[in-house]
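UniProt numbering applies: residue 1 is where the sequence shown begins, and numbers increase by one. Glycine included, every Cβ here is placed at the ideal spot set by N, Cα and C. Since the structure comes first, as structure tokens, the remarks are kept for the end.
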Amino acid sequence: LIDQGIVEFQWILVGMVIGGVIGAATARLVQMTSMPEMVALFNGFGGMASLLVGAAALGAGDSNTFILVTIVLSILIGGLTFTGSLVAYGKLSEKIGSGAVTFSGQQVVNSLLVLAILASAVMFCLEPANSMWLYAIIALSLLFGIMAVIPIGGADMPVVISLLNSYSGLAACAAGFAINNNILIVAGSLVGASGIILTQIMCKAMNRSLSNVLFSGFGSVSSAETVVEGEIKPISVEDAFYVLEAATSVAIVPGYGMAVAQAQHVVKELCELLEENGCEVNFGIHPVAGRMPGHMNVLLAEADVPYDQLLEMDEINPRMETVDVAIVIGANDVVNPAAREVESSPIYGMPVINVDKARTVFVLKRSMASGFAGIENPLFYKENTRMLFGDAKESIGGLIREFS
Numbered sequence: 001l002i003d004q005g006i007v008e009f010q011w012i013l014v015g016m017v018i019g020g021v022i023g024a025a026t027a028r029l030v031q032m033t034s035m036p037e038m039v040a041l042f043n044g045f046g047g048m049a050s051l052l053v054g055a056a057a058l059g060a061g062d063s064n065t066f067i068l069v070t071i072v073l074s075i076l077i078g079g080l081t082f083t084g085s086l087v088a089y090g091k092l093s094e095k096i097g098s099g100a101v102t103f104s105g106q107q108v109v110n111s112l113l114v115l116a117i118l119a120s121a122v123m124f125c126l127e128p129a130n131s132m133w134l135y136a137i138i139a140l141s142l143l144f145g146i147m148a149v150i151p152i153g154g155a156d157m158p159v160v161i162s163l164l165n166s167y168s169g170l171a172a173c174a175a176g177f178a179i180n181n182n183i184l185i186v187a188g189s190l191v192g193a194s195g196i197i198l199t200q201i202m203c204k205a206m207n208r209s210l211s212n213v214l215f216s217g218f219g220s221v222s223s224a225e226t227v228v229e230g231e232i233k234p235i236s237v238e239d240a241f242y243v244l245e246a247a248t249s250v251a252i253v254p255g256y257g258m259a260v261a262q263a264q265h266v267v268k269e270l271c272e273l274l275e276e277n278g279c280e281v282n283f284g285i286h287p288v289a290g291r292m293p294g295h296m297n298v299l300l301a302e303a304d305v306p307y308d309q310l311l312e313m314d315e316i317n318p319r320m321e322t323v324d325v326a327i328v329i330g331a332n333d334v335v336n337p338a339a340r341e342v343e344s345s346p347i348y349g350m351p352v353i354n355v356d357k358a359r360t361v362f363v364l365k366r367s368m369a370s371g372f373a374g375i376e377n378p379l380f381y382k383e384n385t386r387m388l389f390g391d392a393k394e395s396i397g398g399l400i401r402e403f404s
């Protein structure tokens, strides 16, 4: 900006100070449980910044066809990233319904939107002086972002977050080409490439293709009907303590419920008490547990849980049959045995942590409500499962007091 004489350095400094103050305040005020929503918003802000840069680049003059194409890409990707991230934020914070929103003819509407965007882009490149086409691309890209994310259910939000992160990087890269800024091109390319790789890894962990995540409407009401027969067997904190006291091997599988209860620190304390009692303790981390990539890793790192105790799904599953007690803390869909056993289940084929193969399973849960995917979990009715109802932090605190 300084090099091209667009603004003076004082204004850049003012913008940096304002942005820094807002960022610092946000970092202090936003709780760890709200971090996925914040990541979604940051992705959206990055997309909007690229959209504004692309639109402003049109006024720089000397716009050849290549520059016009990069402007279109910057606006298109930035716009859909912005509104798509806002929808993701709404689903994650449950300000709007977390389920998939589908309707008859949805794919036709989306296809018409894409055609309208392409037509507007072509006309913009042919008539860049006509601002109508620029405004049309902006409006259509914003609408397309909403239409692209609403049919994606809450259970797929970790994949959506990583994909939108990639989009924000690609938008920044396109904006860099539009204003001939090498740093922006390189930084955007790095973010875009890493986001795509992470998205592919997470899709593989769910045994689903990216197209299936984006277009299947997984998590809609119609796919949530699963009938499970059996009896729930609750357990008290005192009885759970006696089982844990005799255990020599414990596997803890955290989920979003641990984040909501902010129980990571008491989990760490329980882990230390179990180890002092001669028990081996490991954590089973599912790639899509929580609401964003690496959510559980971040929470446990905050509690200073040793990294070598965090085992990926492929590492913990072969050990599960030798585990005395598996403790599921607020996880649901990622430990659902229906993914292996029920072919009609919407999550059939998705790799899960096989906690049901442990000798005893404790499930810490507030109620019998289904998970974010809206699917009933047969694990709760297994013969070796005991339900410890209540706030996870309070329940684990009770176990700690029993050990003390």
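* To do: Would you mind sorting Tyr242 into buried or exposed? The rule is 16 or more other CB atoms within 10 Å of its CB.
  => Counting from one through the sequence shown, the residue named residue 242 turns up at place 242. The residue in question, Tyr242, is exposed, as its Cβ has fewer than 16 Cβ neighbours within 10 Å.
* To do: Measuring alpha carbon to alpha carbon, tell me which of Pro234, Met258, Ala174 ends up nearest Tyr381.
  => Locating residue 381 in the sequence shown gives position 381, counting from the first residue. Answer by Cα proximity: Pro234.
* Along the chain, where does the beta strand (DSSP E) that runs through Arg386 open and close? -> The residue labelled residue 386 in the question sits at position 386 within the sequence shown. That run of the beta strand (DSSP E) goes 385 to 389.
* Contact between the segment 165 to 173 and the segment 100 to 115 (3+ Cβ pairs under 8 Å) -> With the rule of 3 Cβ pairs closer than 8 Å, the segment 165 to 173 does not count as touching the segment 100 to 115.
* **Per-residue burial, Ile232 [other beta carbons within 10 Å of its own, 16 or more giving buried]** => The residue labelled residue 232 in the question sits at position 232 within the sequence shown. With fewer than 16 Cβ atoms within 10 Å of its Cβ, Ile232 is classed as exposed.
* Asked: Excluding sequence positions up to five away, which residues of its chain have a Cβ less than 6 Å from the Cβ of Val323?
  -> The residue you call residue 323 lines up with position 323 of the sequence shown. These residues qualify, in order along the chain: Ser249, Ala251, Ala358.
* Considering Ser249, what are the terminal residues of the beta strand (DSSP E) in which it resides? -> As a working note, residue 249 is residue 249 in the sequence shown. Its beta strand (DSSP E) spans residues 249 to 254.
* **Close-in-space but distant-in-sequence residues of the same chain around Glu312 (CB under 7 Å, 5 per side omitted)** => Along the sequence shown, read from residue 1 onward, the residue named residue 312 stands at position 312. Within the same chain, Ile285 come within 7 Å of Glu312 by CB-CB distance, once the 5 residues on both sides are set aside.
* To do: Count the other CB atoms, across all protein chains shown, that sit within 10 Å of the CB of Asn377; report buried if there are 16 or more and exposed otherwise.
  => For the purposes of this step, residue 377 is identified with residue 377 of the sequence shown, where counting begins at 1. Classification of Asn377: buried, given that the 10 Å Cβ count is 16 or more.
* **Under the three-state DSSP convention, the category Thr102 falls into** => Position 102 of the sequence shown, counting from 1, holds the residue named residue 102. Coil at Thr102, not helix or strand.
* **Touch test, the segment 168 to 182 against the segment 116 to 134, Cβ-Cβ under 8 Å, three pairs minimum** => no
* Asked: Hey, would you say Val328 sits closer than 7 Å to Val305, going by beta carbons?
  -> Along the sequence shown, read from residue 1 onward, the residue named residue 328 stands at position 328. Along the sequence shown, read from residue 1 onward, the residue named residue 305 stands at position 305. Contact flag unset, no.
* Asked: Skipping 5 residues on each side, what residues in its chain have a beta carbon closer than 6 Å to that of Pro287?
  -> In the sequence shown, the residue the question calls residue 287 occupies position 287. Here the set comprises Met202, Ala205.
* Can you name the residues that DSSP bridges to Asn165? -> Working through the sequence shown from its first residue, we reach residue 165 at position 165. DSSP lists no partner for Asn165.
* Asked: With contact counted as at least three CB pairs below 8 Å, one residue from each stretch, are the segment 16 to 27 and the segment 136 to 152 in contact?
  -> no
* Asked: Can you give the Cα-Cα distance for Ala174 and Ala56, rounded to whole angstroms?
  -> The count along the sequence shown starts at 1 and reaches residue 174 at position 174. The count along the sequence shown starts at 1 and reaches residue 56 at position 56. Each residue's CA atom was taken as its position, placing Ala174 and Ala56 some 13 Å apart.
* Asked: Enumerated in chain order, which unbroken segments of the alpha helix (DSSP H) with a length of 4 residues or greater are wholly contained in the segment 299 to 387?
  -> 313 to 316, 338 to 341
* Among Met32, Val53, Asn212, nearest to residue 465 - alpha-carbon criterion -> A query on residue 465 cannot be resolved here, the shown segment of the chain reaching from 1 to 404 and no further.
* Residues of its chain near Ser404, where Cβ-Cβ distance is below 7 Å and the 5 sequence neighbours each way are ignored -> Position 404 of the sequence shown, counted from the start, is the residue given in the question as residue 404. Cβ neighbours of Ser404 beyond the five flanking positions: none.
* Asked: Per DSSP, Glu280 forms a beta bridge with which residues?
  -> As a position in the sequence shown, residue 280 is number 280, starting the count at 1. Residue pairing by DSSP places Glu280 opposite Ser249 in a beta bridge.
* Asked: Any idea what DSSP makes of Pro158, helix, strand or coil?
  -> In the sequence shown, the residue the question calls residue 158 occupies position 158. DSSP places Pro158 in helix when its eight states are reduced to three.
* Give the single residue among Ala136, Gly97, Leu112, Ser111 whose Cα lies nearest to the Cα of Ala121. => Residue 121 sits at position 121 when you count from the first residue of the sequence shown. Nearest C-alpha to Ala121: Ala136.
* Delimiting residues of the alpha helix (DSSP H) encompassing Arg28 -> Here residue 28 refers to the residue found at position 28 of the sequence shown. That run of the alpha helix (DSSP H) goes 9 to 29.
* Coarse secondary structure for Ser404, derived from DSSP in three states -> Translated into positions along the sequence shown, residue 404 becomes position 404. It is coil, neither helix nor strand.
* Asked: Given 8 Å as the limit, is there contact between the segment 72 to 87 and the segment 40 to 51, that is, 3 or more CB pairs closer than that?
  -> Contact holds: three or more Cβ-Cβ distances are below 8 Å.
* Inter-residue spacing [alpha-carbon to alpha-carbon] between Pro318 and Val39 -> Numbered from its first residue, the sequence shown carries residue 318 at position 318. Numbered from its first residue, the sequence shown carries residue 39 at position 39. Going by the C-alpha atoms only, they are around 33 Å apart.
* With a 10 Å radius around its C-beta and 16 neighbouring C-beta atoms as the bar for buried, classify Asn212 as buried or exposed. => Residue mapping note: residue 212 aligns to position 212 of the sequence shown, counting from 1. The residue is exposed, with fewer than 16 neighbouring Cβ atoms inside 10 Å.
* **Proximity below 7 Å, CB of Gly398 to CB of Val267** => Here the question's residue 398 lines up with position 398 in the sequence shown. Here the question's residue 267 lines up with position 267 in the sequence shown. No, the pair does not count as a contact, with Cβ atoms beyond the cut-off.
* To do: List the DSSP bridge partners of Ile285.
  => Within the sequence shown, residue 285 is the residue found at index 285, counting from 1. Ile285 pairs with Glu312.
* Asked: Which of the three DSSP states, helix, strand or coil, is assigned to Pro128?
  -> As a working mapping, residue 128 is identified with position 128 in the sequence shown. Of the three classes helix, strand and coil, the one that applies to Pro128 here is coil, per DSSP.
* Who are the near neighbours of Ser63 in its chain, counting only those whose CB is closer than 7 Å to its CB and skipping five residues on each side? -> Your numbering for residue 63 matches position 63 in the sequence shown. Excluding residues within five positions, the ones whose Cβ falls inside 7 Å are Pro128.
* Asked: Which class does Pro151 belong to by DSSP, given the choice of helix, strand or coil?
  -> Here residue 151 corresponds to residue number 151 of the sequence shown, with the count starting at 1. Pro151: coil per DSSP, three-state reduction.
* Asked: Given a threshold of 16 other Cβ atoms within 10 Å of its Cβ, counted over all protein chains shown, does Leu270 qualify as buried or as exposed?
  -> Along the sequence shown, read from residue 1 onward, the residue named residue 270 stands at position 270. Burial call: buried.
* Asked: Leu126: buried (16+ other C-beta within 10 angstroms of its C-beta) or exposed?
  -> For the purposes of this step, residue 126 is identified with residue 126 of the sequence shown, where counting begins at 1. It is exposed - the Cβ of Leu126 has fewer than 16 other Cβ atoms within 10 Å.
* Asked: For Pro36, which three-state DSSP category applies?
  -> Here residue 36 refers to the residue found at position 36 when the sequence shown is read from its first residue. The answer is helix: DSSP assigns Pro36 an H, G or I state.
* Val221 versus Ile375 - alpha carbon distance -> Indexing the sequence shown from 1 puts residue 221 at position 221. Indexing the sequence shown from 1 puts residue 375 at position 375. Note that Val221 scores a pLDDT of 44, beneath 50, so its modelled location is shaky; the value from the coordinates is reported in the next line. Each residue's alpha carbon lies about 10 Å from the other.
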